[in-house]
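Structure first, then comments.
Numbering (my numbering), first residue to last: 144 to 392.
Quick look at the structure:
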């Protein structure tokens, strides 16, 4: 029975011997090799001398329920078109990073990415072409970041990236952020394969670096900084990277 670690079963048997009852979820394996989820209730049966004689178990296959839970999770935290994190997951992750910032000096960075002239694509070739391009953009953004980072779609052609654990030296954090931003800019500048043929598109990237000493007090303020930096990048000719200057008034 079961497809769990030995510690799981040790805990289960301990409960059965001490409390006479256990229930919980576990992963099991069908005869055809398929792994499935089930909910089990087990009761210990004892004789008149309080000696365990046998156990009664009730098994319920909850694979469909688990799949429904996962689908709800996907809808709550991920963008349905690109399958990137959505605004809700981004906000929660940024909040967690800011809480971590209060305890350590490691730098993190927020990148705000807006595609240049994306509206022209939608107006010329339609929203299906735009959606196809956004899916490819999402794939390239994931390619350009580290495993520890998060990329999210805020909506339309606006994306954000959270770069975590950039070290405790601001210059080094700035250099690494710039290196990743340049890689992303290069990836996004390559041709996109659409139904009508290849399409070229650039992006403007605004960056802001933060830690517990120089950070704004909330995520909304940081997002505003990255957004302002992104518009500065557009003003400088598009397809540019611009860092928010926290010392500017």
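Using N, Cα and C, we set each Cβ at its ideal position, and we do this for glycine too. What you are looking at is a predicted structure, and each value in this text was computed from that prediction instead of being measured.
Cβ-Cβ separation between residue 365 and residue 253: approximately 5 angstroms, consistent with a contact (criterion under 8 angstroms). Going by DSSP, residue 176 is part of no beta strand (DSSP E) at all; its letter is neither H nor E. Residues of the same chain with a CB within less than 8 angstroms of the CB of residue 264, apart from the 5 flanking positions on each side, are 272, 273, 276, 342 and 344 in chain order. Closest by C-alpha distance to residue 208, out of 198, 186, 180 and 235, is 180. With respect to the 8 angstroms criterion, residue 353 and residue 282 are not classified as neighbours on the basis of their beta carbons.
Residue state for residue 248 is assigned as coil, using DSSP reduced to three classes.
Per DSSP, residue 192 lies in no alpha helix (DSSP H) and is assigned neither H nor E. When the beta-carbon positions are compared, residue 349 and residue 326 stay at least 8 angstroms from each other.
Looking at the DSSP output, residue 172 sits in a beta bridge with 178. When rounded, the separation of the alpha-carbon atoms in residue 242 and residue 355 is 9 angstroms.
Given a length threshold of 4 residues, each whole run of the alpha helix (DSSP H) inside the region 225 to 295 is given here in chain order: 230 to 244, 261 to 268 and 270 to 287. Assigned with DSSP and collapsed to three states, residue 365 falls in helix. Residue 337 has its alpha-carbon roughly 25 angstroms from the corresponding atom of residue 380. DSSP places residue 356 in the coil class of the three-state scheme, outside both helix and strand. Inclusion of residue 295 and residue 361 in the CB contact set at 8 angstroms is not warranted, their separation being larger than that value. Distances from the CA of residue 321 to each of 334, 304, 333 and 270 were compared; the closest alpha carbon is that of 304. Less than 8 angstroms divides the Cβ of residue 387 from the Cβ of residue 372.
Looking only at 235, 216, 219 and 172, the smallest Cα-Cα distance to residue 204 is reached by 172.
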